[in-house]
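In my numbering, the protein residues as written are 1160 to 1283. All C-beta atoms in this analysis are idealised placements derived from N, C-alpha and C, irrespective of residue type, glycine included.
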């Protein structure tokens, strides 16, 4: 019994030591000004490193724009039917958690997408 208690204490101490030495992993929230004329979104990812768990906060005029998460073809064709609406309330403040690695594609409504309201985010 004493051996079992000592082993348990050792494992708990080892776990706490490892936990204390590790760097905390925290998500970063990035704000995206989701408006046609405000920002060149092609340059948005430059100098940023996106990781699983990070959050994109899209700021836009409510009911004027929307955020769709689409696949590559949806991005190229500005076709929102190739994905899903990130926020059905059109609130003007939409949060998307990047929950997997790969390339993420975002577009707005067709006409807005054609004029540049689209975004590519690589996630590692």
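Contiguous beta strand (DSSP E) elements confined to the region 1226-1271 occur at 1227-1229, 1242-1244, 1252-1256, 1261-1266, taking only those with 3 or more residues. Residue range 1214-1218 is occupied by the beta strand (DSSP E) that includes residue 1215. The C-alpha of residue 1200 lies about 7 Å from the C-alpha of residue 1275. For residue 1281, the pairing in a beta bridge is given by DSSP as 1262.
In the DSSP annotation of this structure, the continuous segment of the beta strand (DSSP E) that includes residue 1189 starts and ends at 1188-1192. Remark: C-beta atoms of residue 1228 and residue 1255 approach each other more closely than 8 Å.
Using a C-beta cut-off of 8 Å, the region 1186-1196 makes no contact with the region 1236-1244, since fewer than three inter-stretch Cβ pairs fall below that distance.
Distance between residue 1260 and residue 1217, taken at the CA atoms: about 20 Å. Comparing alpha carbon positions, the residue from 1234, 1206, 1283, 1187 closest to residue 1268 is 1234.
Within the same chain, and ignoring the five residues on either side of residue 1185 in sequence, no residue has its Cβ closer than 7 Å to its Cβ.
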